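One structure is given here, and the rest of the page talks about it.
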């Protein structure tokens with residue numbers, strides 16, 4: 006594995022945005038950093054030849070941006086259906102279910118939850134992405150998801166403590 010290939014470098018950039026994302030206690034900044042993370046991961050997964058992950062991440066980028074404007078239940082349902090539909094269409098095997106699940110869970114979290122509940126659901130999606138990234142050889146993605154789990158847990162604790 007080339008640790009400094011263009012694909013891995015984009016993964017590292019996405020990891021930096023992802024860490025910044027889950028350190029945010031402000032929901033708007035959380036969503037902006039998540040959009041930047043997704044943009045970098047789209048290129049990363051494209052270079053790794055993972056079409057389902059590209060589709061799920063593209064939908065995640067669009068839903069993060071849309072959720073900044075409002076949290077319409079209809080829009081949330083649209084993005085869940087889009088994630089599931091595109092993912093199933095591009096599915097290449099059981100591994101493809103992980104990005105689909107992560108995208109649907111994340112969409113539900115962003116459109117129907119906030120604060121600690123939003124972040125707790127995002128933690129479930131993090132688990133899906135972690136397994137996917139380890140199995141497809143995404144170094145930056147694997148490091149990111151492990152770090153996100155810790156960072157998100159720490160932020161959830163801070164929110165519960167009122168800090």
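Numbering (our numbering), first residue to last: 6 to 168.
Glycine included, each C-beta is placed from N, C-alpha and C at the ideal position.
Model, not experiment: these values are computed from the prediction.
For residue 102 and residue 96, the gap between their C-alpha atoms comes out near 7 Å.
Counting every other CB atom within 10 Å of its CB across the protein chains shown gives residue 93 a total below 16, marking it as exposed.
At least 8 Å separates the beta-carbon of residue 64 from that of residue 50. In this structure, residue 68 keeps its C-beta atom at 8 Å or more from the C-beta atom of residue 128. In chain order, 15 place their CB closer than 7 Å to the CB of residue 48, counting only its own chain and leaving out the 5 sequence neighbours on each side. Pairing residue 27 with residue 160 gives a Cβ-Cβ distance under 8 Å. Per DSSP, the unbroken alpha helix (DSSP H) holding residue 41 starts and ends at 32 to 52.
The DSSP-derived three-state label of residue 134 is helix.
In the structure shown, residue 9 falls within a coil segment according to DSSP collapsed to helix, strand and coil.
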